[in-house]
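**Student:** For the sequence shown, the positions run -18 to 555 when our numbering is used.
We put the beta carbon where it would ideally sit given N, CA and C, even for glycine.
A single structure is presented below for examination.
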Amino acid sequence: MMDRREFLQVLATASAAGLSLQGCASTGGAAAGSGADAMYDVPRFGNVSLLHFTDCHAQLLPVYFREPSVNLGVAGARGRPPHLVGEHLLKAFGVRSGTPEAHAFTFLDFEAAARTYGKVGGFAHLATLVKRVKASRPGALLLDGGDTWQGSATALWSKGQDMVDACKLLGVDVMTGHWEFTLGARRVEEIVANDFKGRVDFLAQNVRTTDFEDPVFASHTMRSINGVPVAIIGQAFPYTPIANPRYMVPDWSFGIQDERLQKVVDEVRGRGAQVVVLLSHNGMDVDLKLATRVTGIDAILGGHTHDGVPQPVPIRNAGGVTLVTNAGSNTKFLGVLDFDVRGGKVAEFRYRLLPVFSNLLPADPEMQALIERVRAPHRARLEEPLAVTEALLYRRGNFNGTFDQLILDALMEVKGAQIAFSPGFRWGTSLLPGQAITREHLMDQTAITYPFTTVNDFSGEMIKTILEDVADNLFNPDPYYQQGGDMVRVGGLTYACDPNAPMGRRISDMRLDGKPIDATRTYRVAGWAPVAEGASGEPIWEVVERWLTARGTVAPRRLNVPRLIGMKDNPGMA
C-alpha cells in the first residue's frame, strides 16, 4: 500500500531521475486568475508535446457530469490515486476548495457548482482548446484513448460514424479502443481501413487472431516530433470478450500481454525511440501495476476507469520511472504532457489536466457545424421531453447512482420483478433538478448494441454468486483481475458488502422486503445488457421511456446501496 508519505517519496524519486517536480505542482493556481486566459494559460515547455482525451462516450455536446463520491481502494490501492474523492483528492493534489478545478475533479457541492460554472466538454469546445494548445506546441500529437464511438443515440444510430467524422475533424492522430469493438469486428475493420487510412493510427498491441495469433492492428507508430523520435504503443481494453459480448469479436483475443508489450518497447527503443508512451485502455489500477513490470515506458496515458487525476503518478521500476495518468471522461478534460528531451532521453516534464468548461471556451465554428449536421435528422426525436426530474440524476459511484436507481425502479415495475440488476457502467451524463429528461438523456445512459431486457427466475444462491463475482471484479486486491466498471446496481434486494474480504465472502445479509434471502428459493429478477449470444428482449430504453412518460415528473429516488463493512475512514468514500 502507498500512503501519502510514500506517494511524496515517489515524487522525490521522480525528481532524482531527472523529472522536474514542477510537472507535479498544484493545479490550484489556475483559479488565481479569471476566465479562459487564466484557466488555459499553459506555457510551452520542452520539445515533445502530447495531448490526450479518453472515454468521451460519444458526447458531442456539453454535458453535466458528476464525479463519484464513492471510489474505494482496497489493499495496496487504499488511499492512493485514483481512489481519492472529495476533500481527500483536493488535499492530495493541492487543489483549492471552491475553485473551478475543485468542481471539475470532485462531486463537492455539485449542483450549486454546476449552475455556477456551467456544462463541461463538447467537441466544439474541445476543438477550440486543442487548437489553442497546439498553436504553441509545434508537432504536438492528439491521442484518443478509446470509448469514443459509443455512448449516445447518434453514435448508436450511425454505427459510430458521427464520432469518426468528429475525431478526424478534431485532428486525432492515434487511438486505441474498447467499446468500439461492440460495433462488431467488421465495422471496426471498415473504419480503420477506410475512414482512418492515412490519417489516424488505430493501435492495439494486445489484440491478436485466435487461430495463429497474428496481429489484428498495428502495435505502435513511430513519429518524429521536432526531430525527436517518439513511439506511441496502443493497448486496447484487455477484457473486452469478457465484459462485453464475445460474439462481437469472435476471432480476436485480447489480454494484458505485458510480456509482449515489453518486447514492443524494446523493439522501438532499439529503433531509436527517445520517448516511449503507452496509450492505454487498461484502467488506472492495471496501469499502475503494469508500470512496475514493464520497463522503458516514459508515460502511460490511460483511460477506461474514467478517473480524472490531476497529476501523473510516478511509478518506480527496474528501468527508472514511468508516469501514469488518467484523463477522465465525457470530453471533460484534455491532458497536456510536455517532455524536455535532452541527450536522447526525457530530462523533465510538465503535465496539466485541463477541464473543458464550455462557458470559457467558444465553440469552434467548423466542429459546431458538423455537430449540427449530425443532429439535424434526429433533432425532434432527441429533444423530446419524457419527464422532469425533481432531483439530481447521476451515474458514477462504486455501488449506485440516482439515474441507475431510476432504471432499476422502472425495470421492476414494468417487468413485474422482485429484484433488478443494472450494469455498473461508468458512462452516462448527469441532470440537475428541474431539468427535462429527454430521449437523448435516456439514450446517454443506455445506448449499446445489446440493450435487451431480461426476466429470469434465479435462486438465492445464484443471486449471491452473481454479486460475489462482480464484487471480485471490482475489489480483487490484484489489479490484473479487475475489469474496471462499478458494482452491479441492485434494486429491491438489500445486502452488506465487505470489500476487504476474500473472494466469495464479500456479500452477506441479503434481504428482500426485510426478510433474509433463501438460497434454495427462486426470485424473479429483471436485468438488461446480457452478453450471451442469442439473447433477445425489449430494448431497455423502451422500458424506461414508458415508465417515464407515465409519470411526467420523477420524484427523488431512494438510493439502494449496500451496508459497507470495514470501510470507515477510507479516503475513497465521502
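Name, in chain order, the residues that DSSP records as bridge partners for residue 318.
**Tutor:** For residue 318, which the question treats as bridged, DSSP gives the partners 31, 332.
**Student:** How would you call residue 206, buried or exposed, if buried means at least 16 neighbouring beta carbons within 10 angstroms?
**Tutor:** So residue 206 counts as buried.
**Student:** Shortest alpha-carbon distance to residue 254 belongs to which of 85, 245, 160, 262?
**Tutor:** For the residues 85, 245, 160, 262, the minimum Cα distance to residue 254 belongs to 245.
**Student:** Taking the alpha carbon of residue 359 as the point to measure from, which residue in 86, 143, 390, 75 has its own alpha carbon closest?
**Tutor:** Closest option to residue 359, Cα to Cα, is 143.
**Student:** Identify the residues that DSSP records as bridge partners of residue 478: which are they?
**Tutor:** Partner(s): 488, 545.
**Student:** Let me check understanding here. Comparing Cα to Cα, which of 551, 434, 383, 232 lies closest to residue 398?
**Tutor:** Comparing Cα positions, the closest option is 434.
**Student:** Do three or more CB pairs link the region 431 to 450 to the region 60 to 77 at distances below 8 angstroms?
**Tutor:** Segments in contact, no.
**Student:** Could you tell me the alpha carbon to alpha carbon distance between residue 514 and residue 93, rounded to whole angstroms?
**Tutor:** Each residue's alpha carbon lies about 45 angstroms from the other.
**Student:** Considering only DSSP beta bridges, list what residue 233 is partnered with.
**Tutor:** Note: residue 233 sits in a beta bridge opposite 190.
**Student:** How many whole angstroms separate the CB atoms of residue 307 and residue 283, which I take to be in contact at a CB cut-off of 8 angstroms?
**Tutor:** Their Cβ separation, rounded to whole angstroms, is 5 angstroms, which keeps residue 307 and residue 283 in contact under 8 angstroms.
**Student:** Look up residue 46 in the DSSP assignment and say whether it is helix, strand or coil.
**Tutor:** The answer is coil: DSSP assigns residue 46 none of H, G, I, E or B.
**Student:** Measure the beta-carbon distance from residue 560 to residue 233 and round it to whole angstroms, keeping in mind my assumption that it falls under 8 angstroms.
**Tutor:** Residue 560 is absent from the model: the chain starts at -18 and stops at 555.
**Student:** Enumerate, from N- to C-terminal direction, the unbroken alpha helix (DSSP H) stretches of 4 or more residues contained entirely within the region 398 to 463.
**Tutor:** Runs of the alpha helix (DSSP H) inside the region 398 to 463: 420 to 427, 441 to 456.
**Student:** Report yes or no: do three or more beta-carbon pairs, one from the region 522 to 529 and one from the region 452 to 469, lie closer than 8 angstroms?
**Tutor:** Touching, no, given that fewer than three Cβ pairs across the two stretches are closer than 8 angstroms.
**Student:** Which of helix, strand or coil does DSSP assign to residue 101?
**Tutor:** In this structure, residue 101 counts as strand in the three-state DSSP scheme.
**Student:** Distance check for residue 258 and residue 280, CA to CA, integer angstroms please.
**Tutor:** Each residue's Cα considered, the two are about 5 angstroms apart.
**Student:** Taking DSSP as the reference, what is the three-state secondary structure of residue 283?
**Tutor:** The answer is strand: DSSP assigns residue 283 an E or B state.
**Student:** Helix or strand or just coil, what does DSSP make of residue 274?
**Tutor:** The answer is helix: DSSP assigns residue 274 an H, G or I state.
**Student:** Taking the straight line between their C-alpha atoms, what separation do you get for residue 53 and residue 61?
**Tutor:** The straight-line gap from Cα to Cα measures roughly 10 angstroms.
**Student:** Leaving out five residues before and five after residue 356 in sequence, what residues of the same chain have Cβ atoms less than 7 angstroms from its Cβ?
**Tutor:** Correct list, in chain order: 135, 363.
**Student:** How would you write the range of the beta strand (DSSP E) that residue 505 sits in, first residue to last?
**Tutor:** Per DSSP, residue 505 belongs to the beta strand (DSSP E) from 503 to 509.
**Student:** Is residue 601 helix, strand or coil by DSSP?
**Tutor:** In the structure as shown, the chain starts at -18 and stops at 555, and residue 601 therefore has no counterpart that could be examined.
**Student:** Taking C-alpha atoms, which residue in 396, 322, 369, 311 lies nearest to residue 407?
**Tutor:** The shortest C-alpha separation from residue 407 is found at 311.
**Student:** Which whole-angstrom value is the C-beta distance of residue 465 and residue 201, which I expect to be below 8 angstroms?
**Tutor:** Not really, about 23 angstroms apart at Cβ, beyond 8 angstroms.
**Student:** Measure the CB-CB distance between residue 150 and residue 347 and report whether it falls below 8 angstroms.
**Tutor:** Yes, the Cβ-Cβ distance between residue 150 and residue 347 is below 8 angstroms.
**Student:** To the nearest angstrom, how far is the alpha carbon of residue 430 from that of residue 162?
**Tutor:** Approximately 10 angstroms, taken between the alpha carbons.
**Student:** Please state whether the Cβ-Cβ distance between residue 32 and residue 114 is less than 8 angstroms.
**Tutor:** Yes. Within cutoff.
**Student:** What residue range is occupied by the uninterrupted beta strand (DSSP E) comprising residue 206?
**Tutor:** Taken as a continuous stretch (DSSP letters only), the beta strand (DSSP E) holding residue 206 covers 201 to 206.
**Student:** Here's the rule: buried if 16 or more other CB atoms are within 10 angstroms of the residue's CB, otherwise exposed. What is residue 191?
**Tutor:** Under this definition residue 191 is an exposed residue.
**Student:** My output table needs one value for residue 210: the three-state DSSP class, helix, strand or coil.
**Tutor:** If DSSP states are grouped into helix, strand and coil, residue 210 belongs with the strands.
**Student:** What does the Cβ neighbour count give for residue 541, buried or exposed, with the cut at 16 atoms within 10 Å?
**Tutor:** So residue 541 ends up on the buried side.
**Student:** Measuring straight from C-alpha to C-alpha, what distance separates residue 212 and residue 353?
**Tutor:** Each residue's alpha carbon lies about 36 angstroms from the other.
**Student:** Which whole runs of the alpha helix (DSSP H) in the region 344 to 403 are 4 residues long or more, in chain order?
**Tutor:** 346 to 356, 360 to 364, 383 to 396, all fully within the region 344 to 403.
**Student:** Start and end of the alpha helix (DSSP H) containing residue 81?
**Tutor:** 81 to 86 is the extent of the alpha helix (DSSP H) around residue 81.
**Student:** Using DSSP's beta-bridge definition, name the partner residues of residue 244.
**Tutor:** None, per the DSSP bridge assignment.
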